[in-house]
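Everything in the first sequence is counted per full-length UniProt numbering, starting at 1 for the first residue and increasing by one. So the structure is just underneath, and the comments pick up after that.
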Amino acid sequence: MKKDDIFEFYARLAADNPAPETELNYGNVYQLVVAVALSAQSTDIGVNKATRLLFEQVKTPQQMVDLGLDGLKEHIKTIGLYNNKAKNVIALSELLIADYGGEVPANRDELTKLPGVGRKTANVVMNCAFGAETFAVDTHIFRVGNRTGLAPGKTVLAVEKKLEKQTPSPFRVHAHHWLILHGRYICKARKPECWRCPVADLCRFKKKTPAPASAD
DNA sequence: CTCCCGATAT
DNA sequence: ATATCAGGAG
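So this is what it looks like as structure tokens:
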């Protein structure tokens with residue numbers, strides 16, 4: 001996409017939502033790490049439903065270790081991939097205690113050493129907790145970037161690099177949230193709602209979906 | 001590349 | 001019935 005269109009693309013999303021935030025619920029940075037780790041291939045709504053009770057009981061890595069593997073599984077049974085996620089969250093909590101004094105490191109390379117925390121999760125934590133200009137490319141951003149032509153790429157890393165290189169400075173902090181929310185509610189995987197899309201005229205995906213009255 | 005895996009929308 | 005959901009590890 002051309003430079004002026006990229007600027008216009010973000011300017012319009014920003015106008016609709018000046019201060020976008022994650023929709024995952026959390027009370028501290030440790031809980032943010034856990035919530036994002038649990039969110040893989042699952043909806044934010046489903047994760048929030050499970051963490052509401054969990055986070056009342058567990059606010060620190062030590063409290064998670066005390067809860068134990070089976071106790072954690074009981075809380076997150078309703079989330080997909082819960083066996084792997086439970087093991088990772090316990091292991092991640094133990095590592096935070098052993099190597100980081102129970103604190104979450106404010107550094108992407110250190111975050112990535114935590115079990116269940118890959119580049120995307122680390123980028124989310126760096127942005128949401130520490131204000132870093134990171135672009136956490138998830139399924140939504142990968143789709144929106146490719147479909148619209150804003151940031152095409154064959155891999156999530158390629159899309160991330162493109163976003164990092166081309167995103168104008170006024171938008172760099174919030175860009176990834178604008179793109180996720182846009183993908184979640186308008187540029188949806190199954191049924192994109194182009195008729196109410198604020199950037200449809202900038203989008204290479206020319207599929208003109210019907211108006212809502214005749215959409216279904 | 002495959003496996004992990006429940007809830008929800010279509 | 002099947003696709004999709006804030007991916008990561010082996």
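Idealized CB from N, CA, C, for every residue including glycine. Please read these numbers as outputs of a predicted model, since none were measured by experiment.
For residue i, the three-state DSSP class (helix, strand or coil)
i, result
"residue 133", "coil"
"residue 17", "coil"
"residue 104", "coil"
"residue 217", "Outside the displayed span of the chain (1 to 216) sits residue 217, for which this structure offers no information."
"residue 216", "With a pLDDT of 41 at residue 216, under the threshold of 50, the modelled position of this residue cannot be trusted; read the value that follows with caution. Coil."
"residue 189", "coil"
"residue 25", "coil"
"residue 170", "helix"
"residue 218", "As shown, the chain starts at 1 and ends at 216. That puts residue 218 outside it, with no answer to give."
"residue 71", "helix"
"residue 97", "helix"
"residue 78", "coil"
"residue 199", "coil"
Candidates the options, of which the one nearest residue i by Cα
i, options, result
"residue 85", "62, 42, 109, 55", "42"
"residue 145", "99, 126, 182", "182"
"residue 62", "140, 94, 76", "94"
"residue 33", "45, 21, 60", "60"
"residue 190", "143, 75, 204, 80", "143"
Where the alpha helix (DSSP H) containing residue i begins and where it ends
i, result
"residue 52", "44 to 57"
"residue 159", "156 to 166"
"residue 178", "175 to 185"
"residue 61", "61 to 67"
"residue 117", "Element bounds for residue 117: n/a, residue is neither H nor E."
Would you check if there are 3 or more beta carbon pairs closer than 8 Å linking the stretch 165 to 172 to the stretch 116 to 127? no
Count the C-beta pairs between the stretch 17 to 25 and the stretch 171 to 188 that are closer than 8 Å, then say yes if the count reaches three, no if not. yes
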